[in-house]
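Per this note's numbering, residue 2 is the first one in the sequence shown, and the count goes up by one each step. The C-beta atom is built at its ideal place from N, Cα and C for all residues, glycine as well.
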Amino acid sequence: MPQLTCPVDQTNLHVSKTAGEESAQCNRCDGIWITTAALESLEDNAANDDIVKGQRQYGKRVVDHLCPHCGEKMVRFRYRGYNLEIESCSSDAGFWLDKSEDREIRDVMKRRGSNLGRVASAEKSWHQARRGEKTSIFQRVKQVLGFR
Ligand SMILES: [Zn+2]
Ligand SMILES: [Zn+2]
Numbered sequence: 002m003p004q005l006t007c008p009v010d011q012t013n014l015h016v017s018k019t020a021g022e023e024s025a026q027c028n029r030c031d032g033i034w035i036t037t038a039a040l041e042s043l044e045d046n047a048a049n050d051d052i053v054k055g056q057r058q059y060g061k062r063v064v065d066h067l068c069p070h071c072g073e074k075m076v077r078f079r080y081r082g083y084n085l086e087i088e089s090c091s092s093d094a095g096f097w098l099d100k101s102e103d104r105e106i107r108d109v110m111k112r113r114g115s116n117l118g119r120v121a122s123a124e125k126s127w128h129q130a131r132r133g134e135k136t137s138i139f140q141r142v143k144q145v146l147g148f149r
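Rendered as structure tokens:
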């Protein structure tokens, strides 16, 4: 991966490798860049196909954040109608997840949990995901995108 800069604060991103896939994290705002290729290589491609093809994107709009990959403005959207917003490269090179979305991810998980009557279990898996922090990024992305 070439040197990438944070779309929010232009800090150089720190690249790390997890489960054989690279992601890039901003040490200032804790945002994370994950390439579409990395997402695609995860075990279940179904949800990822949704996101790439735009079938589950709502409220799409162009934002002022510049894509770490191509420098073009990124597209922000709500995923699957949840109150979870992520930003995407306009040419589908990858996705940007803000730190503030951690909270939204947790809310989504809580909602899913309560729908199933299993709030405690959703909270538990959230806290487990939190503990690993950097190494759990793919787990978190999987959860966000509806992977197992
Ligand atoms: Zn940043
Ligand atoms: Zn791009």
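Can you tell me whether DSSP reads residue i as helix, strand or coil?
i: H15; result: strand
i: A39; result: helix
i: V9; result: coil
i: H70; result: coil
i: N46; result: Any reading at N46 must be qualified, since the residue scores a pLDDT of 48, below 50, and its modelled position is unreliable; no value is offered.
i: A94; result: coil
i: R1; result: Residue 1 is absent from the model: the chain starts at 2 and stops at 149.
i: D99; result: coil
i: Q58; result: strand
Under the rule that 16 or more other beta-carbon atoms within 10 Å means buried, what is residue i, buried or exposed?
i: N46; result: Unreliable positioning characterises N46 in this predicted model, as indicated by a pLDDT of 48, which lies under 50. The coordinate reading is nonetheless provided below. Under this definition N46 is an exposed residue.
i: P69; result: buried
i: Q58; result: buried
i: R62; result: exposed
Is the separation between the beta-carbon of residue i and that of residue j shorter than 8 Å?
i: S89; j: M75; result: yes
i: G95; j: T37; result: yes
i: L98; j: P8; result: no
i: I40; j: Q26; result: Position check: residue 40 holds Leu in this sequence, whereas Ile was assumed. No; because the gap between Cβ atoms is not below 8 Å, this pair is not in contact.
i: D31; j: K100; result: yes
What I want to know is whether the C-beta of residue i ends up closer than 7 Å to one or more non-hydrogen atoms of ligand 1.
i: D10; result: yes
i: C90; result: no
Between residue i and ligand 2, is the CB less than 7 Å from at least one heavy atom?
i: C30; result: no
i: H70; result: yes
i: A25; result: no
i: A94; result: yes
i: E73; result: yes
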